[in-house]
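K.L.:
Numbering of the sequence shown is given in full-length UniProt numbering, commencing with residue 1 and proceeding in unit increments.
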Amino acid sequence: VCGQCGDFDGNAQNDFTTQGQLIVSNPLEFANSWKASSNCPDVKTNLDTCTSTSRLTWARRKCNIIKEPGFKECHNKIDPHQYYENCVRETCGCDTGGDCECFCTAVKNYAQACAEAGVCVAWRTPEICPVFCDYYNKPGECTWHYEYCPHHTFCRTCKYTEGNCTKFISSLEGCYPKCPEDKPIF
1 VCGQCGDFDG NAQNDFTTQG QLIVSNPLEF ANSWKASSNC PDVKTNLDTC TSTSRLTWAR
61 RKCNIIKEPG FKECHNKIDP HQYYENCVRE TCGCDTGGDC ECFCTAVKNY AQACAEAGVC
121 VAWRTPEICP VFCDYYNKPG ECTWHYEYCP HHTFCRTCKY TEGNCTKFIS SLEGCYPKCP
181 EDKPIF
């Protein structure tokens, strides 16, 4: 897997890999390498995603969660500054619907970096970026529940009955099943 979203190998240092397989540090060089058509002109400058003062104030207030006590244990392992700045930029620039999705994704990125550093943070609430796993629950089947710091693997499935895990991403927040004794394989 490769492209503008990285390669999902857990190494952020190589996420800016161009279509020609070169690792670069300039976001414009990286993005321009993935153009769908060579007829498209190169992007020359980064756009300021936040031109409204009220929007900037709102984004800063929302993203401040990254600097708050809920993430305190993580601050000495993962510097929150860049994540906060990214959150403000993304949240502020996402004003055509989906504002909360941009905010939630930005905070989730910091929470995931913290989890990978060994610090799990329960930052979601019913008011802040809720996850509704119970929606998928059906009687007599696995029930789905949100876990912010799971410590189990799901190697055995109906498709992969051997249960051999070669690579598992630990501490990935999300909806996880709890299955009945008579149906232990998801």
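For glycine and all other residues, C-beta sits at the position ideal for the given N, C-alpha and C.
How long is the line joining the alpha carbons of residue 83 and residue 104, rounded to whole angstroms?
P.N.:
Locating residue 83 in the sequence shown gives position 83, where the first residue counts as 1. Locating residue 104 in the sequence shown gives position 104, where the first residue counts as 1. Roughly 12 Å between the two C-alpha positions.
K.L.:
Considering only residues of the same chain and omitting the five flanking positions on each side of residue 77, which have a CB-CB separation below 8 Å?
P.N.:
Residue numbering aside, residue 77 sits at position 77 when the sequence shown is read from its first letter. Hits under 8 Å: 114, 117, 118 and 119.
K.L.:
Quick check on residue 80: buried or exposed, where buried means 16 or more other Cβ atoms within 10 Å of its Cβ?
P.N.:
Counted from its first residue, the sequence shown places residue 80 at position 80. It is buried - the Cβ of residue 80 has at least 16 other Cβ atoms within 10 Å.
K.L.:
With a cut-off of 8 Å on the beta carbons, I'd call residue 147 and residue 173 a contact; round off their distance for me.
P.N.:
Working through the sequence shown from its first residue, we reach residue 147 at position 147. Working through the sequence shown from its first residue, we reach residue 173 at position 173. Confirmed, about 7 Å.
K.L.:
Can you have a look at residue 43 and say buried or exposed, based on whether 16 or more other CB atoms are within 10 angstroms of its CB?
P.N.:
Position 43 of the sequence shown holds residue 43. Residue 43 is exposed by the Cβ-count criterion.
K.L.:
Taking the continuous beta strand (DSSP E) assigned at residue 83, which residues delimit it?
P.N.:
Position 83 of the sequence shown, counting from 1, holds the residue named residue 83. Here residue 83 belongs to no beta strand (DSSP E); instead the alpha helix (DSSP H) covers 80 to 93.
K.L.:
So, helix, strand or coil for residue 142, using DSSP?
P.N.:
In the sequence shown, the residue the question calls residue 142 occupies position 142. Note: residue 142 maps to coil in three-state DSSP.
K.L.:
So the beta strand (DSSP E) residue 180 belongs to, where does it begin and stop?
P.N.:
Your numbering for residue 180 matches position 180 in the sequence shown. Neither: residue 180 is in no beta strand (DSSP E) and is coded neither H nor E.
K.L.:
According to DSSP, is residue 23 helix, strand or coil?
P.N.:
The residue given as residue 23 occupies position 23 in the sequence shown. Looking at residue 23 - three-state DSSP - the assignment turns out to be strand.
K.L.:
Determine whether the beta carbon atoms of residue 19 and residue 38 lie at a separation below 8 Å.
P.N.:
Here residue 19 is taken as the residue at index 19 of the sequence shown, counted from 1. Here residue 38 is taken as the residue at index 38 of the sequence shown, counted from 1. Going by C-beta atoms, residue 19 is not nearer than 8 Å to residue 38.
K.L.:
If I'm right that residue 87 touches residue 63 with Cβ under 8 Å, what's the distance once you round it to whole angstroms?
P.N.:
Residue mapping note: residue 87 aligns to position 87 of the sequence shown, counting from 1. Residue mapping note: residue 63 aligns to position 63 of the sequence shown, counting from 1. That belief holds up - the Cβ atoms of residue 87 and residue 63 are roughly 4 Å apart, short of 8 Å.
K.L.:
Along the alpha helix (DSSP H) that carries residue 59, what are the first and last residues, could you check?
P.N.:
As a first step, residue 59 must be located in the sequence shown, where it is residue number 59. First-last of the alpha helix (DSSP H) with residue 59: 53 to 63.
K.L.:
Assuming residue 106 and residue 91 are in contact, meaning their beta carbons sit under 8 Å apart, how far apart are those beta carbons, in whole angstroms?
P.N.:
Counting from 1 along the sequence shown, the entry for residue 106 is found at position 106. Counting from 1 along the sequence shown, the entry for residue 91 is found at position 91. Going by Cβ atoms, the distance from residue 106 to residue 91 rounds to 6 Å, so yes, they are a contact pair.
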